[in-house]
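All residue numbers for the sequence shown refer to the numbering used here, where the first residue is 23 and numbers rise by one.
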Amino acid sequence: FSEEAEYERYIFPEEKKPDFWDILRTRKTILVAEPGYGKTRLLQELVKNAKGKNRKAIYADLKKSVKKGIEIYLRQLVTQTTAITTEDFDLIKTSEVSVCLDALDEVKQDEYSDTIVTD
């Protein structure tokens, strides 16, 4: 058995191989790849296709200014997207919504706590 197969069996004990939506049901999922491998595109496609699968997702590009904190930034995004409504915003704190944070590695170290950590 490969290490990957062992990991999948531990997280997803069912017989079926997990799809991307199964993986996103976990509390946190981190997508790591070299620049140019399509991480941003994948996250954008995920949000785009969420509505057709009766799921909710929001894409947040952290390269943009998020100095007021992630919650304020997400609330601003909610008003600009049709993928999620303001009434659904409180679901972001549950597993009902996939929040796709892009460019987390590009947040300046001295701004990281102010950007990501909320009360």
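Virtual Cβ for every residue (Gly too), placed ideally from N, Cα, C.
Quantities reported herein were computed from a predicted structural model and do not represent experimental measurements.
Asked                                                                                                                                            : Found
Taking Arg63 as the reference, which of Ala125, Val119, Asp132 has the closest Cα?                                                               : Ala125
Assuming Val54 and Ala82 form a contact by the criterion Cβ under 8 Å, report the distance between their Cβ atoms to the nearest whole angstrom. : That belief does not hold up - the Cβ atoms of Val54 and Ala82 are roughly 17 Å apart, past 8 Å.
Report the CB separation of Glu128 from Lys85 in whole angstroms; it is logged as a contact under 8 Å.                                           : 5 Å
Considering Lys78, what are the terminal residues of the beta strand (DSSP E) in which it resides?                                               : 78-83
Can you tell me whether Val121 is helix, strand or coil according to DSSP?                                                                       : strand
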